[in-house]
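I have placed the structure first, in the form of structure tokens, so that the comments after it can refer back to it.
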Ligand code: HEC
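Numbering (this note's numbering), first residue to last: 10 to 280.
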């Protein structure tokens with residue numbers, strides 16, 4: 010009886026494993042990040058380039074509503090630079106004395122303005138798909154920053170004969186790319202509406218941004234930079250947390266050694 014039960018369980022497990030495998034979305038490949046590891050920090054130059062990519066490309070569709078301009082001092086900007094960055098933004102404020110909303114220049118205390126007045130307008134402009142707020146994106150999905158990077162670099166043209174190719178064995182056999190959507194193997198469902206309607210499928214094409222520091226703006230470089238920036242927006246206190254982790258570990262180590270000596274001393278008389 011027991012054997013039978015185990016057999017049934019094992020068969021069931023095997024079945025779930027195989028079905029799960031067939032429909033599995035490939036895991037985002039692991040990337041190297043300056044903020045990895047216990048002593049990881051943000052690369053300031055990458056953060057600034059990432060902000061540039063966000064401002065020039067992503068901000069056309071995605072909001073970043075938990076970040077205020079004044080927070081950008083973390084990225085190494087001076088107060089004057091932050092004032093300028095804020096000034097370039099148009100912020101909706103109000104209502105005024107007549108009850109009307111009005112537009113004004115941004116101030117350092119303003120949060121990044123959203124590209125669309127509301128979610129419906131955002132979805133309507135994007136094939137019905139809502140561009141999610143990016144503030145927490147780099148930590149919100151399985152795979153974290155690797156996922157964000159994989160999405161940005163994972164746009165590809167699905168070959169006609171994909172059914173014959175092993176590389177696409179993760180796709181359900183009846184998969185069909187919808188009109189207006191782009192194939193991306195790392196996105197759940199494998200088709201994504203994040204397309205630049207004017208020019209091309211992926212929002213990032215080589216050279217779409219001209220970096221102020223002269224770095225060559227390849228797709229990989231821009232994706233890496235903007236993901237670093239989005240990791241900062243998702244966890245601005247990452248460096249502080251990691252620095253504390255190291256301090257606590259040193260403290261615990263020293264304490265353990267000291268307690269070891271104390272124990273020896275106390276027990277020395279007993280033995
Ligand atoms: C033309 C508009 C547009 C631009 C520009 C754009 N996106 Fe998107 N993005 C979208 C839409 C719409 C979705 C939702 C797709 C869906 O649900 O099918 C999306 C989805 C995403 C996702 C996946 C979210 C998830 O739910 O897993 C990430 C990550 C992302 N965008 C990051 C970026 C970054 C970073 C940039 C700038 C380099 C950018 N996007 C530029 C419209 C855009």
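For glycine and all other residues, C-beta sits at the position ideal for the given N, C-alpha and C.
Residue i versus the options, residue with shortest Cα-Cα distance
| i | options | result |
| --- | --- | --- |
| residue 118 | 239, 137 and 96 | 96 |
| residue 191 | 135, 241 and 249 | 135 |
| residue 158 | 106, 185, 194 and 181 | 194 |
| residue 115 | 259, 93, 150 and 149 | 93 |
| residue 129 | 122, 141 and 164 | 141 |
| residue 66 | 218, 172, 53 and 102 | 218 |
| residue 121 | 110, 52 and 101 | 101 |
| residue 150 | 236, 186, 54 and 189 | 236 |
| residue 61 | 155, 202, 182 and 230 | 230 |
| residue 9 | 139, 152, 143 and 127 | One cannot answer for residue 9 here, as it falls past the ends of the chain, which runs 10 to 280. |
| residue 41 | 177, 155, 35 and 146 | 155 |
| residue 139 | 202, 73, 181 and 177 | 202 |
| residue 38 | 152, 273 and 274 | 152 |
| residue 126 | 262, 265, 72 and 174 | 72 |
Chain-order list of residues whose beta-carbon lies under 6 Å from that of residue i (same chain, five-residue window excluded)
| i | result |
| --- | --- |
| residue 248 | 50 |
| residue 226 | 216, 218 and 220 |
| residue 243 | 145, 147 and 148 |
| residue 57 | 84 |
| residue 31 | Note that residue 31 scores 49 on pLDDT, short of 50, meaning its location in the model is unreliable and no value can be drawn from it. |
Proximal residues to residue i (C-beta, below 7 Å), its chain only, five neighbours per side dropped
| i | result |
| --- | --- |
| residue 69 | 124 |
| residue 48 | 251 and 255 |
| residue 187 | 200 |
| residue 82 | 91 |
| residue 232 | 158, 161, 162 and 213 |
| residue 177 | 171 |
| residue 105 | 111 |
| residue 270 | none |
| residue 298 | Nothing can be reported for residue 298: it is not among the residues displayed for the chain, which extend from 10 to 280. |
| residue 276 | none |
C-alpha gap between residue i and residue j, whole angstroms
| i | j | result |
| --- | --- | --- |
| residue 91 | residue 79 | 6 Å |
| residue 207 | residue 133 | Because the pLDDT of residue 207 is 37, which lies under 50, any placement of that residue in the model is unreliable, and the number read from its coordinates should be weighed accordingly. About 16 Å. |
| residue 52 | residue 240 | 11 Å |
| residue 267 | residue 238 | 42 Å |
| residue 86 | residue 245 | 15 Å |
| residue 64 | residue 164 | 21 Å |
| residue 197 | residue 109 | 42 Å |
| residue 223 | residue 234 | 14 Å |
| residue 253 | residue 59 | 26 Å |
| residue 137 | residue 189 | 11 Å |
| residue 44 | residue 184 | 37 Å |
| residue 273 | residue 264 | 14 Å |
| residue 262 | residue 131 | 52 Å |
| residue 46 | residue 74 | 28 Å |
| residue 33 | residue 174 | 16 Å |
Residues near residue i in its chain [Cβ-Cβ closer than 8 Å; skip 5 each side]
| i | result |
| --- | --- |
| residue 228 | 161, 162, 211, 213, 214 and 215 |
| residue 99 | 112, 113, 114, 115 and 122 |
| residue 35 | 179, 194 and 195 |
| residue 182 | 172 |
| residue 88 | 82 and 117 |
Note to self: Measuring CB atoms only, is the stretch 244-259 touching the stretch 166-185, in the sense that at least three cross pairs come out at less than 8 Å?
What the structure shows: no
Item checked: Entirely enclosed alpha helix (DSSP H) segments - the stretch 71-144, minimum 4 residues -> 88-96 and 128-133
Note to self: At 4 residues or longer, what runs of the alpha helix (DSSP H) sit wholly inside the stretch 220-266?
What the structure shows: 228-243
Note to self: In chain order, what are the residue ranges of uninterrupted beta strand (DSSP E) at least 3 long that sit wholly in the stretch 163-205?
What the structure shows: none
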